[in-house]
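Position 35 of the sequence shown, counting from 1, maps to 39 under the working numbering, and the rest follow consecutively. Where a beta carbon is used, it is the ideal one built from N, C-alpha and C, also for glycine. Read the structure below first, then the notes.
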Amino acid sequence: MAVKKQSFEQSMARLEEIVRTLERGECDLDASLKLFEEGAKLARTCHDMLDKAEQKVTLLLDQQTGEEVPFEGEE
């Protein structure tokens, strides 16, 4: 069975839930490690989604203006 890909918002919500659970410190070591692993994967997935969105915006702006417009904080 195929696994449904979560949206960015769903992934972030789950990541926040994992953080809250780990911060409470109520899980045993094994459960904490599993949650940490899931959280690390979600963080990587969210980062990848943001990178792709940034690339798409840059491409769209480049096509529209004929030049690349840097994001805030970039030089």
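query: Lysine 56 versus leucine 64 - alpha carbon distance; result: 12 Å
query: Start and end residues, alpha helix (DSSP H) containing lysine 9; result: Here lysine 9 belongs to no alpha helix (DSSP H), and DSSP marks it neither H nor E.
query: Leucine 46 burial status per 10 Å Cβ neighbour count (16 or more: buried); result: buried
query: CA-to-CA distance, cysteine 50 to leucine 33, given in whole angstroms; result: 25 Å
query: Straight-line Cα distance separating glutamate 30 from leucine 39; result: 12 Å
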